[in-house]
Structures are given as C-alpha cells and as structure tokens.
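Residues 1 to 306 in full-length UniProt numbering are what the sequence shown spells out, letter by letter.
Presented below is the structure to which this report refers.
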Amino acid sequence: MSPRDEVSTLRAAAGVPKLGEDGEGSVQVHQDMDLGSTGAKVFSVYGKGGIGKSTTSSNLSAAFSMLGKRVLQIGCDPKHDSTFTLTGKLQPTVIDILKEVDFHAEELRPEDFVTTGFNGVQCVEAGGPPAGTGCGGYVVGQTVKLLKQHHMLEDTDIVIFDVLGDVVCGGFAAPLQHADRAVIVTANDFDSIYAMNRIIAAVQAKAKNYGVRLAGCIANRSKDTDEVDRYCRTVGFNRIAHMPDIDAIRRSRLKKKTLFEMPDEEDIVLARAEYIRLAETLYAGTDPLAPAPLPDREIFELLGFD
C-alpha cells in the first residue's frame, strides 16, 4: 500500500472528510457539498490586491438590487471592509461573533451577523484569523454553513463572494466550492494582468472538482483596455465590462456610498449604466470559459517591456 493510500485509509477509519486532488501538487479537503446555495446564482470576485474588488463587488450588488434581485454579499477578507459602502460602516465579522458565543452557532440569529445595506442588499463579513495564524478557508466555510442553517441562501437570488487579494491558498479556494462563476477584476497594466493569469490557472485547477467556471474579467480603473484585450485574445478569455478611472468612484468610497447613491453627474451616470449592463449580462448567464493561462516567461514576452 502506498503512503497516500495508507493515509486515505486511516482518514476514512477516523471519519475524516475525503481528500481530493485539487490541481497539480495540491490536496484540498472537500467540504460538505450540501453547503452549496439553493437556487441563487453565485459569483466569486477575484483580482490583484488593491485593484478595487470590494468597490466592484458592492456596486455590482447594488446594480443587481436595482434590477429587483435579492442580493447577499459576503466579504472574505480579515479587513472586513467589503460592504462598508453598502452599509456606511464596518460590520463585525462572523468569526468574531462566533467567538463571543464560544462557537455555539445555534445561539445566533441572522441579525447578529447580517446587516441590511443599500436597497436591501444583505451584507456579511466573514472576517478571518489574525495575520499568520490560520486559513481563511475555514472561516468562509463556517460562514456559508451559518447562512444555510438560517435559510439565508434559500431566500436569495444573487450571492457575491468578495475574495481577498490574489492569494491561491485554501482561503482563496473556499468560495469556489460554492460559486457558479468566477469574475476577475484587473487593470490595463502588467502587474494586474500577471495576477489575473495566475488566478485563471488556480480557478481552472479548482474547476476539475467543483462546478465553478470563469465568466470573464472586468477592466477597472483603466482609461484604455488594449493590454487586457490583447491578453484575452491570446488565452481565450473575455472582457465583460470596463470601469474607467474616474474620480467619482474614489469619492464614493470616501463618502461610504455606492455609485447609486451619488449625485447624477455625467461620469457617475455612465458608470452606473455599465454596472447595470454587467449585472444583466451575469444574470442572463455567461458561457463557461476555459482559457489557457500563459507560463510566466510567455506572459512577460507578451506584455513585458523590451
């Protein structure tokens, strides 16, 4: 018996969840598949750290709500700042609230960890362990489990996971176990596209075991999209939206508001229209994409400087 088979036998005897191959060189503990949402369309938003995932997620949630959809946004970053433009404040995290009741989840009610934000969007901040002390994947799993126990996912049309940075560990993977589509936020520059290339590779690896598929990318904070489009043509990916680099988006963050609560200035109206168009596109359904990410050397040759 091989060492791997021996470990699998011991784990089975101990009642430990089955391990499954999750891409080359990776082993991921499969979560209970019953944790998947019921009926809702589930999107996970990824991208380079600081690229504007939370701003994008919150405005997209607001756009879905303007289309009459019941929306739940789950922030998956220990900074717990994903939803503050929807609620106007930083929320307590699920992990902190669970600690207060000594992890007796049965003592919690939805109002203990869910805040209603702009236009009825339901907002949850999963939180995470202190830096360097644990994996965010556990926290995401516990958050989804808690939402299921309170039937929150059964009364929702749209779930958006706003996932931290461009890491590719278990915390990165956890939302992919529940998502239908992964969306990548990028900018029209080398670093952002380089990160997107790595995220595509990671999502493709997870797609071997989970139902998640790539929907496309959003060019954010970018006057032009030529580099993003060139990369997409090369690997077989799609740009599904373009959010220009306008000061109104920065100002909306400072005011703790979504674009849909800002004055009707021309650039704000145009940005809102693009978010509405994106929400309609995602809700109608996107083709499942299977791009071929580039090896590091090739992406340098494609986008790098001479």
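C-beta: ideal position from N, C-alpha, C; glycine also.
Note that the structure is predicted; figures quoted are calculated from it, not measured.
Host beta strand (DSSP E) of residue i (start-end)
i    : result
F43  : K41 to G47
E125 : Q122 to E125
A241 : R239 to M243
F161 : I158 to V163
I184 : R181 to T186
N220 : R213 to N220
Whole-number beta carbon distance between residue j and residue i, since they are thought to touch under 8 Å
i    : j    : result
A174 : G141 : 6 Å
I160 : I276 : I160 to I276, Cβ: 15 Å. No contact.
R239 : T258 : With 8 Å as the limit, R239 and T258 do not qualify as a contact, their Cβ atoms being about 23 Å apart.
A271 : A248 : 7 Å
F260 : M66  : 7 Å
F43  : V183 : 6 Å
I97  : L108 : 7 Å
Inter-residue spacing [alpha-carbon to alpha-carbon] between residue i and residue j
i    : j    : result
T116 : T234 : 42 Å
T286 : L90  : 32 Å
D267 : F113 : 35 Å
M243 : T281 : 15 Å
V29  : E265 : Low per-residue confidence applies at V29: pLDDT is 43, beneath 50, and the placement is therefore not dependable, though the value from the model is reported in the following sentence. When rounded, the distance between both Cα atoms is 49 Å.
C123 : L153 : 12 Å
A40  : H151 : 12 Å
T56  : H104 : 34 Å
F118 : E301 : 44 Å
F64  : A273 : 12 Å
Y231 : I193 : 8 Å
G88  : L72  : 16 Å
Y283 : V45  : 15 Å
G211 : Q204 : 11 Å
V228 : A215 : 15 Å
D245 : R297 : 29 Å
Distance CB(residue i)-CB(residue j) smaller than 8 Å
i           : j    : result
L60         : A290 : no
G128        : D77  : yes
I218        : A241 : yes
residue 310 : A187 : Here the chain comprises residues numbered 1 to 306, so residue 310 is not present and cannot be evaluated.
S58         : T83  : yes
K69         : D157 : yes
R181        : R213 : yes
I199        : F237 : no
L164        : K206 : no
V185        : N220 : yes
L86         : N197 : no
H80         : E125 : yes
Residue range of the alpha helix (DSSP H) that includes residue i
i    : result
D226 : D226 to V235
D191 : F190 to K206
L254 : D247 to L254
A279 : E266 to A284
I299 : D296 to L303
The ligand COA heavy atom lying under 7 Å from the CB of residue i
i    : result
V114 : With respect to the ligand COA, the structure shown offers nothing to examine, as it has no ligands at all.
Contact with chain C by residue i, beta-carbon distance below 8 Å
i    : result
G120 : In the displayed structure, chain C is absent; only one protein chain is listed.
* Unbroken alpha helix (DSSP H) runs of length 4 or more, entirely within the stretch 63 to 124: which are they? -> 84 to 87, 94 to 100 and 110 to 113
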